[in-house]
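Written out below as structure tokens is the structure these notes cover.
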Amino acid sequence: MKAMRTQVVLITTLLILTTIPVLLREVDGGAPIFSASVNILGTGYSGSSHEPRDMEVAPDGRIYILYEGNPTFYYGAYIVYSDDDGLTWSEPIRADDVLRDGNESNDNYFMEFKVRPHMDIGPDGTVYVVWTDYREYNEEAAFHHPIQIRLSVAEDGVHFGRSVRVSPVPPDRTQDAYYPDVAVNDDGRVFVVWLDEREVGSKKNVWSSYTDNNGETWSPVLRVDTDDMYNSNIHIKNPRCVMYGDRVYVTWHDDRDHTYGVKPYIAISEDGGATFSPEREFTDDLVEGNVRDMVFPAVDDSGTLYLAWNDMRSGKSEIWFVRSTDGGGNFTPDTRLIDPPADAQDMNPYISTMDSGKLLVTWERQVEYTNNFGNPSQEKDIYFINSTDSGSTFGGMLRVDDSDRFSEDRNDQEAPVGAYASNGRVICAYWGYFKKGDGVARSLFVARHSRTMEGSVNLPAIYDLSFFGESDFDPVVGSTSTVFTFNMTYQDWDNDEPRQGFPRIQLFRDGAGTDPLFPEPIVMEKLRGERDIYYMDGVPYRVNLTVPEEGSFHWRVEVADESDAAIVRSPLLPGPVIDDTMPHVEILGPEPQVWNASDRVKCRI
């Protein structure tokens, strides 16, 4: 549930800004890190958009990603899920009911668009998805049917039934509804908030409704904002909601205060959404004309409320946040999460929590650069930071996407979401580019953090063991002067680097591994150099050596990580055969063996 999984980070120290090194694309070897990003949709579902909207974790540990995708040009709400902490993912599941509602007329053009989806999970694992629905839309004013908000429910998280309409038919058919969000409390009450033109037509206001029976019946719609309902010069955007018991928090941003620019607001209900207190500001910023938008609300298991937003008070976009421990009665002073470098801007935070006080924040960083034409341009990357003490302190900032690991890449990665798996491992997803043919396509990518709540607990693994000599004739056979190359890949899911003196190789004269050839094992070296510190993805090692005596040998590799855990050994494998006897060459042709026009002969060694 969002009340358990969507939080913001905050710092309680007055006006002290957290400053974290900014270019942490390359961390120290063995430090926590994110895995290589995986395109979990492959290429078969690639379209122009697969933008993640939410990531939630069910009580049984299943991880869900809800995204807005258009594999067939038309946009829809899709879900993928993982039952193994993000290692593997299901095929996409259509969460909206465009193909199940029995109305073929809505399966085309605008009518098929199901956009801006959001989700939450109930205490029993039921998945709730809301979206903006165009199924009855018609561009001709005389036949216009309003854009609406709909809800779909899957009790098993997979099989979604027919959707129900959330936003009632408005008094005027030209009045549309947009941009819903949904939250569920422990009693199973489903609360939905959205923007609606009802009763006005020229301005969107914040409206809400709730259901206690999975959408069979709904409460009367309730307007949440209290500003001038008819003032079309006020622009309200990005309504979001979270629940903690019967308390409902609704946030949005608008520009009603023309002196101080765009501001975020919060309205609070103490009775499950039946009534709301008047909205109020929660930032302490008085910079005139400032833009503070895209506020993200969340609560943790102790009921602490966190709010994060984009803020332009310094002249560029940064992420700021506050916290309330008394149900929104009082807030801490505004605090900047990260001070981005001069050529960068931070925006669009997404927050998640686990238990009480464990917080993660993932966001976009937009970095300026000069393109090949000498013109200024911008690239978006994904970053992450977390706290284990309710935001009092934070660990180091990490790069989530891997687009620049070994070569420069200027494609955008954006729209991050994240969550804690059941074991505390952080999973992040984003919308990014991948190479397809001679061009690029966009898809949904996932990266896994290298640590869980238990810290470094995994033993390293050994794979891709191989060796070869210098001879194409028989790469296993050589002499005491032949250089043999031995290869292996070291992998550690905690991203622990190898302990000093590892990985190492030893050759044995016997097949039981009791008679070592060398006095001490030989340490192997990284194939791609010291820059390759992505141990959780597998780092190849190699060593070149000569075997100083004749015979048939076996070999084995040993690895150990920096956590001082046990040594891991590979199986004992057949190795090189060393023979210093001069080869016997038998000439097979031509016959007879006389001078001839060719300088080649056929022979057997």
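Numbering (our numbering), first residue to last: 1297 to 1901.
For each residue, glycine too, the CB sits at the ideal point set by N, CA and C.
**Q.** C-beta contact flag for residue 1588 and residue 1559 at 8 Å
**A.** Note that the C-beta distance between residue 1588 and residue 1559 is below 8 Å.
Q: Give the single residue among 1789, 1778, 1809, 1730 whose Cα lies nearest to the Cα of residue 1338.
A: When each option's Cα is compared against that of residue 1338, the closest is 1730.
Q | Given residue 1840 as reference, the closest of 1781, 1622, 1387, 1370 once Cα atoms are compared | A | Measuring C-alpha to C-alpha distances from residue 1840 to each of 1781, 1622, 1387, 1370 identifies 1781 as the nearest.
Q.
Rounded to whole angstroms, what is the Cα-Cα separation between residue 1791 and residue 1417?
A. Distance between the alpha carbons of residue 1791 and residue 1417 is about 32 Å.
Q: For residue 1833, name the three-state secondary structure that DSSP assigns.
A: The three-state secondary structure of residue 1833, taken from DSSP, is helix.
Q. So, do the stretch 1762-1776 and the stretch 1736-1747 have three or more beta carbon pairs nearer to each other than 8 Å?
A. Touching, no.
(Q) Please tell me whether residue 1358 and residue 1457 are closer than 8 Å, where the distance is taken between their beta carbons. (A) Not in contact: residue 1358 and residue 1457 (Cβ atoms no closer than 8 Å).
Q: Measure the alpha-carbon distance for residue 1831 versus residue 1858 and round it to whole angstroms.
A: In a straight line, the C-alpha of residue 1831 is about 12 Å away from that of residue 1858.
(Q) Within 8 Å, do at least three Cβ pairs link the stretch 1370-1388 to the stretch 1677-1688? (A) Flag = no, the stretch 1677-1688 and the stretch 1370-1388 do not touch.
Q | Reference residue 1696; option with closest CA among 1727, 1689, 1717 | A | Closest option to residue 1696, Cα to Cα, is 1727.
**Q.** Own chain, CB closer than 7 Å to residue 1822, minus 5 neighbours either side, in chain order
**A.** Cβ within range, chain order: 1828, 1835, 1837.
**Q.** Contacts around residue 1527, its chain only, beta-carbon distance under 7 Å, and the 5 residues preceding and following it disregarded
**A.** Excluding sequence neighbours, residue 1527 sits near 1499.
Q: For residue 1524, write down the residues that DSSP places opposite it in a beta bridge.
A: BP columns for residue 1524 are empty, so no partner.
Q: Flag this pair as touching only if the stretch 1803-1819 and the stretch 1846-1862 have three or more C-beta atom pairs under 8 Å; answer yes or no.
A: Output reads yes: the stretch 1846-1862 touches the stretch 1803-1819.
Q: Could you tell me the distance, in whole angstroms, from the CA atom of residue 1887 to the CA atom of residue 1894?
A: One alpha carbon belongs to residue 1887, the other to residue 1894, and they sit about 12 Å apart.
Q: Just confirm the distance between the C-beta atoms of residue 1796 and residue 1814, as a whole number of angstroms; I'd bet it's less than 8 Å.
A: Residue 1796 to residue 1814, Cβ: 18 Å. No contact.
Q) Which first and last residues belong to the beta strand (DSSP E) in which residue 1486 is found? A) It spans 1486-1492 - the beta strand (DSSP E) in which residue 1486 sits, taken as one unbroken run.
Q.
Within 10 Å of its beta-carbon, does residue 1361 have 16 or more other beta-carbons around it, so buried, or fewer, so exposed?
A. Buried, by the Cβ-count rule.
Q.
Need the endpoints of the beta strand (DSSP E) that residue 1873 sits in, please.
A. Start and end: 1869-1874.
Q) residue 1901: buried (16+ other C-beta within 10 angstroms of its C-beta) or exposed? A) The residue is exposed, with fewer than 16 neighbouring Cβ atoms inside 10 Å.
Q | Coarse secondary structure for residue 1861, derived from DSSP in three states | A | Residue state, collapsed to three classes: coil.
Q. Can you round the beta-carbon distance between residue 1872 and residue 1843 to whole angstroms, since I take them to be within the 8 Å contact cut?
A. Indeed they touch by this definition, with Cβ atoms about 6 Å apart.
Q. Short check: CB of residue 1487 to CB of residue 1463, under 8 Å?
A. The answer is no: Cβ separation not under 8 Å.
Q. How many Å lie between residue 1579 and residue 1532 at the Cα?
A. If I take the Cα positions, the gap works out to 17 Å.
**Q.** C-alpha distance - residue 1678 paired with residue 1875, whole-angstrom precision
**A.** Rounded to the nearest angstrom, the two C-alpha atoms are 56 Å apart.
**Q.** For residue 1582 and residue 1619, the rounded distance between their alpha carbons
**A.** Spanning the two alpha carbons is a distance of roughly 19 Å.
Q. Given a threshold of 16 other Cβ atoms within 10 Å of its Cβ, counted over all protein chains shown, does residue 1884 qualify as buried or as exposed?
A. By the neighbour-count criterion, in which 16 or more other beta carbons inside 10 Å mark a residue as buried, residue 1884 falls on the exposed side.
Q. Do you know how far the Cα of residue 1496 is from the Cα of residue 1562?
A. C-alpha separation (whole angstroms): 22 Å.
Q: Counting only the same chain and skipping the five closest in sequence on each side, list residues whose C-beta sits under 7 Å from that of residue 1307.
A: At residue 1307 the pLDDT is 29, less than 50, meaning the model places this residue with poor confidence; the figure from the coordinates comes in the next sentence. Close CB contacts of residue 1307 within its chain, under the 7 Å cut and outside five residues either way in sequence, are with 1314, 1631, 1687, 1688 (chain order).
Q.
Do residue 1592 and residue 1646 have their beta-carbon atoms positioned less than 8 Å apart in this structure?
A. In this structure, the beta-carbon distance from residue 1646 to residue 1592 falls below 8 Å.
**Q.** Exposure of residue 1355, with buried meaning 16 or more beta-carbon neighbours within 10 Å
**A.** Residue 1355 is exposed by the Cβ-count criterion.
Q: Counting only runs of 3+ residues fully inside the stretch 1767-1840, write out the beta strand (DSSP E) ranges in chain order.
A: Runs found: 1780-1787, 1800-1804.
Q) Taking the alpha-carbon positions, what's the residue 1460 to residue 1446 distance? A) In a straight line, the C-alpha of residue 1460 is about 6 Å away from that of residue 1446.
Q: Tell me where the beta strand (DSSP E) around residue 1237 begins and ends.
A: As displayed, the chain neither begins before 1297 nor continues past 1901, which places residue 1237 out of reach and without an answer.
**Q.** Burial state of residue 1392, where buried means 16 or more other Cβ atoms lie within 10 Å
**A.** Residue burial is scored here from C-beta neighbours: residue 1392 has at least 16 other C-beta atoms within 10 angstroms and is therefore classed as buried.
**Q.** Sheet register partners of residue 1903 (DSSP bridge)
**A.** A question about residue 1903 goes unanswered here, because the residues of the chain that appear run from 1297 up to 1901.
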